[in-house]
Every structure is written in C-alpha cells, then in structure tokens.
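Step one of this worksheet: look at the structure below.
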Amino acid sequence: MATKKYKNKINRIRTFALALIFIGFVIMYGAIFFRENHLLVIIFMTLGLLAIIGSTVVYGFIGLLSTRAVQVVCPNCGKHTKVLGRVDMCMYCNEPLTLDPALVGKEFNQAYNSKKSQQ
Ligand SMILES: [Zn+2]
Numbered sequence: 081m082a083t084k085k086y087k088n089k090i091n092r093i094r095t096f097a098l099a100l101i102f103i104g105f106v107i108m109y110g111a112i113f114f115r116e117n118h119l120l121v122i123i124f125m126t127l128g129l130l131a132i133i134g135s136t137v138v139y140g141f142i143g144l145l146s147t148r149a150v151q152v153v154c155p156n157c158g159k160h161t162k163v164l165g166r167v168d169m170c171m172y173c174n175e176p177l178t179l180d181p182a183l184v185g186k187e188f189n190q191a192y193n194s195k196k197s198q199q
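In our numbering, the protein residues as written are 81 to 199.
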C-alpha cells in the first residue's frame, strides 16, 4: 500500500489536543526551574494551565465536529469511520473517502475541501 500523506481530520485535531496537554505539562514543569522567582512561576503555571484548558476546548470541539461528521463504513478496511467535509481519510487505514459522487475515483486532493472548489 502506498503511503498517504493526508490524515483523517478528526484524528489530526485529536493529535493536536493531545500535544497541547503535553505542552501544558512541560510548561508547568518548567516553572520548577524558576522557583526562586515567584512571578515567573505564576506566569509559567498560568501558561501551562491555559494550554491544558485550550486542549479541553479542542476536545470539546472534536465532540462537536463528530456530531456533524458522517459515519460511513470504509470500503477498504470495513471499519466504521467518520467523514468530515467533502473528502476525508479513513481513521484506521487512511483510505481517501468522499461523500460527493462527482469525486469518486478521482485522485485525492485536499483542495476539494476549500470553499473555492465548492460551487
Ligand atoms: Zn479504512
């Protein structure tokens, strides 16, 4: 199977949310190195907390997107996956999937999701 450079959108946002939690903890951990300076500790703790809160918001956003995504059975791996927008990737095998019959069989192109191509 050829390597596909695009990933399922929901999975991609989820990865971002996970990274944000990780960054938040790293920033908060960084506060330890500035424990002599209370102001810096407060700043680092606040930034870390903001990153973690941001991640929670992103997770909430994923929940919202999931309700708008269309659940389909992937023709490639047979698993249930969610399609967001006109074209998206299977969450499990990255098979390009489309909801638009006009695009079936065409080479996957991220541009199909842009507003310009939607007349
Ligand atoms: Zn699949």
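Don't be surprised by glycine CBs; every beta carbon is placed ideally from N, CA and C.
May I ask whether a heavy atom of ligand 1 can be found less than 7 Å away from the beta carbon of residue i?
{"i": "Y86", "result": "no"}
{"i": "K159", "result": "yes"}
{"i": "E175", "result": "yes"}
{"i": "Y172", "result": "yes"}
Please report the straight-line C-alpha distance between residue i and residue j, rounded to a whole angstrom.
{"i": "G92", "j": "L119", "result": "The sequence given here places Arg at residue 92; Gly does not occur at that position. C-alpha separation (whole angstroms): 35 Å."}
{"i": "G134", "j": "L177", "result": "30 Å"}
{"i": "S197", "j": "R148", "result": "Here the model assigns S197 a pLDDT of 48, short of 50, so the residue's position is not dependable, and the following value carries that caveat. In a straight line, the C-alpha of S197 is about 21 Å away from that of R148."}
{"i": "F124", "j": "E116", "result": "13 Å"}
{"i": "P181", "j": "T95", "result": "30 Å"}
{"i": "I103", "j": "A131", "result": "7 Å"}
{"i": "N174", "j": "V121", "result": "43 Å"}
{"i": "M81", "j": "N156", "result": "With a pLDDT of 45 at M81, under the threshold of 50, the predicted position of this residue should be treated as unreliable, though the coordinate-derived value follows. If you take the alpha carbons of M81 and N156, they lie about 11 Å apart."}
{"i": "Q151", "j": "Y172", "result": "13 Å"}
{"i": "V193", "j": "V163", "result": "In the sequence as displayed, the identity of residue 193 is Asn instead of Val. Rounded to whole angstroms, N193 to V163 spans 12 Å at the Cα level."}
{"i": "M169", "j": "G158", "result": "13 Å"}
{"i": "F114", "j": "Y139", "result": "30 Å"}
{"i": "L179", "j": "V167", "result": "7 Å"}
Identify the continuous alpha helix (DSSP H) that holds residue i and give its terminal residues.
{"i": "Q162", "result": "According to the sequence provided, residue 162 is Lys. The question's Gln does not apply to it. No alpha helix (DSSP H) contains K162, which is instead part of the beta strand (DSSP E) from 160-163."}
{"i": "L98", "result": "89-110"}
{"i": "M171", "result": "No alpha helix (DSSP H) holds M171; DSSP gives it neither H nor E."}
Per DSSP, residue i forms a beta bridge with which residues?
{"i": "V152", "result": "T161"}
{"i": "T178", "result": "V167"}
Would you say the beta carbon of residue i is closer than 7 Å to some non-hydrogen atom of ligand 2?
{"i": "N156", "result": "In the structure shown, ligand 2 is absent; the only ligands present are ligand 1."}
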